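If you're matching them up, the sequences are chains A and B in order.
If you count the first sequence from 1, position 213 lands on 213 in full-length UniProt numbering, and the numbers rise without skipping.
If you count the second sequence from 1, position 7 lands on 7 in full-length UniProt numbering, and the numbers rise without skipping.
For each residue, glycine too, the CB sits at the ideal point set by N, CA and C.
All values reported here derive from a predicted model rather than from experimental measurement.
Heads up, the thing below is written out as structure tokens.
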Amino acid sequence: MSSLWEYANPQKFMRTSSVLLPVFSVAAAICLGVGLVWGFFLTPEAENFGSTVKIIYIHVPAAMMAINAWVMMLVTSLIWLVRRHHVSALAARAAAPIGMTMTLIALITGAIWGEPMWGTYWVWDPRLTSFMILFLFYLGYIALWEAIENPDAAADLTSVLCIVGSVFALLSRYAVNFWSQGLHQGASLSLDKKENVADVFYIPLLFCIAGFVCLFVALVLLRTRTEIRARRVRAMLARERMA
Amino acid sequence: MIALLQRDLRLAIRAGGGFGLGLAFFLIIVVLVPFGVGSDSGLLAAIAPGILWVGALLACLLSLDRIFALDHEDGSLDLLATAPIPLEGVVAMKAAAHWVTTGLPLTLAAPGLGLLLNLPAAGYGWLAASLALGTPALSMIGSFGAALTVGLKRGGLLLSLLVLPLYVPTLIFGAEAVARGIDGRDTGTPLLMLTAITLAAMALLPFAAAAAIRINLR
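Structure, rendered in structure tokens:
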């Protein structure tokens, strides 16, 4: 019976991820290709939105991944603190810049979408503001990783920051809700409600979301592999200096 | 622990700098705002609660890196870490000393500075109350940030990047309480939330900060 923890062994992780990486990359390319082409060229223009609605195919998946990346970092940070698996800490480190980029994409596409819809690129709306704060959390997290030289201490400290940051990110989310009522519409997708976007837009959007998930997994795998290799190189250089 | 508190307080007062500097910085911010936005007293009255809270927050931020850095440099932090009292208690006392030397003076000075910003009369009590309830949270969150960056050479800038996003909820509820107090609306919710943040920060963050110090001293 094999256990999930086997993948904490870098060698095993490298072997498995070398198989998974192309699979997820291809899946991401296919899903994104299908979803974007379908979404941009084959769907009708929405009433009272015009063609600008099509930015939804990038905006919504990016926003979802921006939050999910932080959740993933929280889980891997906890695993690192409890079970001390290096791959876990490195995966958290690898995910942070990707999450930050997703946050930035969501903010920028949101601004581009906001201009024709609300007549302004930016409003201090709860959803927008909490994303801006999430962006700041990512910046702080990445900066802390970069600032500390000892890799184990850096992993420990960023894990603690990630956990505390998660609590405050959640708190900020509700605090800004309380602070101002905004323009942003409610969630476009949910499992139990009938208030989803219209069916014509729904299916390509699902493709795009699946594509973003696969893209995220592929990028995290790629960056984690790079981190592991970089650490091996550092270890070899250190050994050479010792000899 | 009481001895530690007294020691930190004596150090902060005798070493100069830290104690008055935060207040002076707060004063500078409040003086600069009218130059920036114009001296229209109606406008100043409207933004006064927010500016006073942001000013208090920045003044608090200014002195954060002193919480552990000096003790780390001269080695006394190692002694404190191996002392018979738990490191969590040390952190809590450090945060308390930071609050007494910055948060408390800021709370006391804020109504006076409110005068400069033409804060409406109804706001003074709420400003003092919200700062009194909120600044302990600022000190506690700040000592967590200081604990994370204690071993770093250029910790100051990084510290502000780490701590400012954590300050957001406190700032929102604090400024909202004052703004509601001025309008004569119910201030119960923001003040209760502020108290909740402060109590939760005092209960939980010493453990996170102590963990960070242990990692940094390892």
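Proximity of residue i and residue j at Cβ, strictly below 9 Å
{"i": "Ala56 of chain B", "j": "Leu138 of chain B", "result": "yes"}
{"i": "Pro204 of chain A", "j": "Ile142 of chain A", "result": "no"}
{"i": "Phe68 of chain B", "j": "Ala147 of chain B", "result": "yes"}
{"i": "Leu44 of chain B", "j": "Asn118 of chain B", "result": "yes"}
{"i": "Ile133 of chain A", "j": "Pro165 of chain B", "result": "yes"}
{"i": "Asp156 of chain A", "j": "Ala211 of chain B", "result": "yes"}
{"i": "Phe24 of chain A", "j": "Val217 of chain A", "result": "yes"}
{"i": "Leu36 of chain A", "j": "Tyr57 of chain A", "result": "yes"}
{"i": "Ile197 of chain B", "j": "Phe173 of chain B", "result": "yes"}
{"i": "residue 252 of chain A", "j": "Val87 of chain A", "result": "Chain A is shown only over 1 to 243; residue 252 of chain A falls outside these bounds and no answer can be derived."}
{"i": "Phe131 of chain A", "j": "Ala69 of chain A", "result": "no"}
{"i": "Leu161 of chain A", "j": "Met100 of chain A", "result": "no"}
{"i": "Ala179 of chain B", "j": "Gly50 of chain B", "result": "yes"}
{"i": "Ser159 of chain A", "j": "Leu78 of chain A", "result": "yes"}
{"i": "Ala95 of chain B", "j": "Pro136 of chain B", "result": "yes"}
{"i": "Ala209 of chain B", "j": "Val91 of chain B", "result": "yes"}
{"i": "Leu61 of chain B", "j": "Val168 of chain B", "result": "no"}
{"i": "Phe178 of chain A", "j": "Pro190 of chain B", "result": "yes"}
{"i": "Leu27 of chain B", "j": "Leu127 of chain B", "result": "no"}
{"i": "Ala95 of chain A", "j": "Met72 of chain A", "result": "yes"}
{"i": "Ile55 of chain A", "j": "Thr103 of chain A", "result": "no"}
{"i": "Ala154 of chain A", "j": "His85 of chain A", "result": "no"}
{"i": "Ala175 of chain B", "j": "Pro120 of chain B", "result": "no"}
{"i": "Ala44 of chain A", "j": "Cys208 of chain A", "result": "The question names Ala, but residue 44 of chain A is Pro in the sequence shown. Contact: no."}
{"i": "Ala230 of chain A", "j": "Cys31 of chain A", "result": "no"}
{"i": "Val176 of chain A", "j": "Thr120 of chain A", "result": "no"}
{"i": "Trp5 of chain A", "j": "Arg83 of chain A", "result": "yes"}
Residue span of the alpha helix (DSSP H) that contains residue i, given as start and end
{"i": "Asp71 of chain B", "result": "66-73"}
{"i": "Met73 of chain A", "result": "56-83"}
{"i": "Pro44 of chain A", "result": "It is not in any alpha helix (DSSP H) - Pro44 of chain A carries neither H nor E in the DSSP assignment."}
{"i": "Val178 of chain B", "result": "155-183"}
{"i": "Met202 of chain B", "result": "188-217"}
{"i": "Asp78 of chain B", "result": "76-82"}
{"i": "Asn9 of chain A", "result": "Note, Asn9 of chain A: premise wrong, no alpha helix (DSSP H); not H, not E."}
{"i": "Ile148 of chain A", "result": "From DSSP, Ile148 of chain A is part of no alpha helix (DSSP H); its letter is neither H nor E."}
{"i": "Ala122 of chain B", "result": "Premise fails: Ala122 of chain B is in no alpha helix (DSSP H) and is neither H nor E."}
{"i": "Thr107 of chain B", "result": "104-116"}
{"i": "Trp118 of chain A", "result": "86-118"}
{"i": "residue 243 of chain B", "result": "This structure leaves residue 243 of chain B out entirely; chain B is present only between 1 and 218."}
{"i": "Met93 of chain B", "result": "87-98"}
For residue j and residue i, believed in contact at Cβ under 8 Å, the rounded distance
{"i": "Leu9 of chain B", "j": "Thr101 of chain B", "result": "7 Å"}
{"i": "Ala63 of chain A", "j": "Trp80 of chain A", "result": "Wrong, their Cβ atoms sit about 27 Å apart, outside the cutoff."}
{"i": "Ala110 of chain B", "j": "Leu58 of chain B", "result": "Not confirmed; about 13 Å, so no contact."}
{"i": "His98 of chain B", "j": "Gly151 of chain B", "result": "Actually they are not in contact, since the Cβ atoms of His98 of chain B and Gly151 of chain B sit about 19 Å apart, beyond 8 Å."}
{"i": "Gly156 of chain B", "j": "Asp74 of chain B", "result": "Between Asp74 of chain B and Gly156 of chain B the Cβ distance is about 18 Å, and since that is not below 8 Å, they are no contact."}
{"i": "His59 of chain A", "j": "Trp118 of chain A", "result": "The Cβ separation is near 14 Å, so there is no contact."}
{"i": "Phe135 of chain A", "j": "Leu170 of chain A", "result": "Rounded, the Cβ-Cβ distance is 16 Å, inconsistent with contact."}
{"i": "Pro105 of chain B", "j": "Leu194 of chain B", "result": "Their Cβ separation, rounded to whole angstroms, is 19 Å, which puts Pro105 of chain B and Leu194 of chain B out of contact at 8 Å."}
{"i": "Ala81 of chain B", "j": "Leu217 of chain B", "result": "6 Å"}
{"i": "Leu221 of chain A", "j": "Leu21 of chain A", "result": "5 Å"}
{"i": "Leu87 of chain B", "j": "Arg214 of chain B", "result": "7 Å"}
{"i": "Gly42 of chain B", "j": "Ala122 of chain B", "result": "Their Cβ separation, rounded to whole angstroms, is 15 Å, which puts Gly42 of chain B and Ala122 of chain B out of contact at 8 Å."}
{"i": "Met202 of chain B", "j": "Ile85 of chain B", "result": "Contact doesn't hold; Cβ gap of about 17 Å is too wide."}
{"i": "Leu131 of chain B", "j": "Thr149 of chain B", "result": "Not confirmed; about 25 Å, so no contact."}
{"i": "Phe144 of chain B", "j": "Val164 of chain A", "result": "6 Å"}
{"i": "Met93 of chain B", "j": "Leu5 of chain B", "result": "5 Å"}
{"i": "Ser63 of chain B", "j": "Leu21 of chain B", "result": "7 Å"}
{"i": "Ala111 of chain A", "j": "Trp122 of chain A", "result": "6 Å"}
Residue i Cβ short of 8 Å to the ligand HEM heavy atom set
{"i": "Val178 of chain B", "result": "Annotation note on the ligand HEM: not contained in the displayed structure, which lists no ligands."}
Residue-chain proximity (residue i, chain D), Cβ-Cβ < 9 Å
{"i": "Pro111 of chain B", "result": "Although the question refers to chain D, the structure presented lacks it and instead comprises the protein chains A and B."}
Inset, instruction - Determine which residues of the segment 148-160 of chain A have a Cβ less than 8 Å from any Cβ of chain B, and write them out in chain order. - result: Only Ile148, Ala153, Asp156, Leu157, Val160 from the segment 148-160 of chain A bring a Cβ to less than 8 Å from some Cβ of chain B.
Legend entry - chain B contacts from the segment 122-147 of chain A (Cβ-Cβ distance under 7 Å): Taking 7 Å as the Cβ-Cβ cut-off against chain B, the residues of the segment 122-147 of chain A that qualify are Ile133, Leu136, Phe137, Leu139, Gly140, Ala143, Leu144, Ala147.
Inset, instruction - May I ask you to list, following chain order, the residues of the segment 144-160 of chain B that have a beta carbon less than 7 Å from some beta carbon of chain A? - result: Correct list: Phe144, Leu148, Leu152, Leu158.
Inset, instruction - Report the residues of the segment 167-195 of chain B with a CB closer than 7 Å to any CB of chain A, ordered along the chain. - result: Of all residues in the segment 167-195 of chain B, the ones placed with a Cβ closer than 7 Å to any Cβ belonging to chain A are Val168, Pro169, Ile172, Phe173, Glu176, in chain order.
Inset, instruction - Identify each residue in the segment 46-64 of chain B for which the Cβ-Cβ distance to at least one residue of chain A is less than 8 Å, and report them in chain order. - result: Legend: CB atoms of the segment 46-64 of chain B lying less than 8 Å from CB atoms of chain A are not found in any residue.
Legend entry - Residues within the segment 83-94 of chain B neighbouring chain A, beta-carbon criterion of under 9 Å: Listed by position, the residues of the segment 83-94 of chain B near chain A (Cβ gap below 9 Å) amount to none.
Legend entry - Selection of the segment 74-91 of chain A by Cβ proximity to chain B, strictly under 8 Å: If you check each beta-carbon in the segment 74-91 of chain A against every beta-carbon of chain B, none falls closer than 8 Å.
Inset, instruction - Residues of the segment 1-23 of chain A with a CB closer than 7 Å to any CB of chain B: list them in chain order, please. - result: Near chain B, meaning a CB-to-CB distance below 7 Å, no residue of the segment 1-23 of chain A qualifies.
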